[in-house]
Amino acid sequence: MNQLLFFAELQDRVGKERIDIDLEGKTVQQVKEYVEDTYELHKAKEAMIAINEEFASRDTLIKKGDVVAFIPPVSGG
Amino acid sequence: MSESCYITQKPIIIQDVVDRVVRPEAGAVNTFIGTVREFTKGKQTLYLEYQAYESMAVKKMEEICTEIKRRWPDAEPSIAHRVGRLEITDVAVVIAVSTPHRAESYEASRYAIERMKEIVPIWKKEHWHDGAKWIGDQKERQPGVPAKEDIQ
Chain P
1 MNQLLFFAEL QDRVGKERID IDLEGKTVQQ VKEYVEDTYE LHKAKEAMIA INEEFASRDT
61 LIKKGDVVAF IPPVSGG
Chain E
1 MSESCYITQK PIIIQDVVDR VVRPEAGAVN TFIGTVREFT KGKQTLYLEY QAYESMAVKK
61 MEEICTEIKR RWPDAEPSIA HRVGRLEITD VAVVIAVSTP HRAESYEASR YAIERMKEIV
121 PIWKKEHWHD GAKWIGDQKE RQPGVPAKED IQ
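Chains P and E, in that order, give the protein sequences.
Quick note on numbering: the first sequence equals residues 1 to 77 in full-length UniProt numbering.
Quick note on numbering: the second sequence equals residues 1 to 152 in full-length UniProt numbering.
Structure below.
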């Protein structure tokens, strides 16, 4: 199993901050497409993905237990 | 020794951040204070709401401090960011950098705030009279694609 985390606008749109889902074997790009389709989230495309709190490239494979977070463009400071 | 980077729900005590970098070797302490602005491009903000992916955000703030020490080996940085509801003029972020001489403290402080806006997962939502919006894209190079050097 994996945890899928959403923040800011994506969290508002999905309506949840966390979803438990099996993403093992998928690439980052596939997870993005899945979320985009499932939640009709065009903005998912603009988000960066962090796996276990580190930014990941689009071809990175999700492993069992990985925490996958959608990081929309940040605006701290 | 207290942590050099932290996120808090409570008002940031500026002196507390400064105290984390004050030391005998330093001849300069540069302090940057980011506050909540009322008007952005003519539009009035009533208040802001900040959200963080806290564990990752602290990690990324610490990474920025490591980058600073690599670029300015004699610098000692500290960064604090507040989350939750902030009113106009409230302090959202404080960056303090101490260095032996002043030039490096300015440069490192500027570097820290620019990097904050690139890699630290913190977001603000502007609340107006007629609605609210999560703000993004203040400094995006290519949306959705992390810079090569930011992937570990």
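Glycine included, every Cβ here is placed at the ideal spot set by N, Cα and C.
Query                                                                                                                              : Result
C-alpha distance - Ile62 of chain P paired with Pro72 of chain P, whole-angstrom precision                                         : 19 angstroms
Same chain only: Cβ atoms within 6 angstroms of Val28 of chain P, ignoring 5 sequence neighbours per side                          : Ile49, Ala56, Arg58 and Thr60
Stretch-stretch touch, CB-based, cutoff 8 angstroms, three pairs: the segment 112–123 of chain E with the segment 14–24 of chain P : no
Which listed residue (E:Gln44, E:Gln9, E:Arg70 and E:Trp123) has its alpha carbon closest to that of Gln11 of chain P              : E:Trp123
Where Leu41 of chain P falls: helix, strand or coil (DSSP)                                                                         : coil
Proximal chain P residues relative to Gly136 of chain E, where beta-carbon distance stays under 8 angstroms                        : Ala8, Glu9, Glu46, Pro72, Pro73, Val74 and Ser75
Chain E contact residues for Leu5 of chain P, given Cβ-Cβ distances below 8 angstroms                                              : Tyr53
Sequence-distant residues of the same chain with beta carbon closer than 6 angstroms to Val93 of chain E, five excluded per side   : Gly34 and His81
Reduced DSSP secondary structure (H/G/I, E/B, other) of Ser4 of chain E                                                            : coil
Coarse secondary structure for Thr66 of chain E, derived from DSSP in three states                                                 : helix
Contact belief for Gly136 of chain E with Val31 of chain P at Cβ below 8 angstroms, rounded distance in angstroms                  : Incorrect: roughly 20 angstroms between the Cβ atoms, too far for contact.
C-beta neighbour in chain E for Glu53 of chain P, strict 8 angstroms                                                               : yes
Inter-residue spacing [alpha-carbon to alpha-carbon] between Ile64 of chain E and Pro77 of chain E                                 : 9 angstroms
Beta-carbon neighbours of Asp130 of chain E, restricted to chain P and to distances below 9 angstroms                              : The premise fails here: Asp130 of chain E is roughly 17 angstroms from chain P at the closest Cβ pair, so nothing lies under 9 angstroms.
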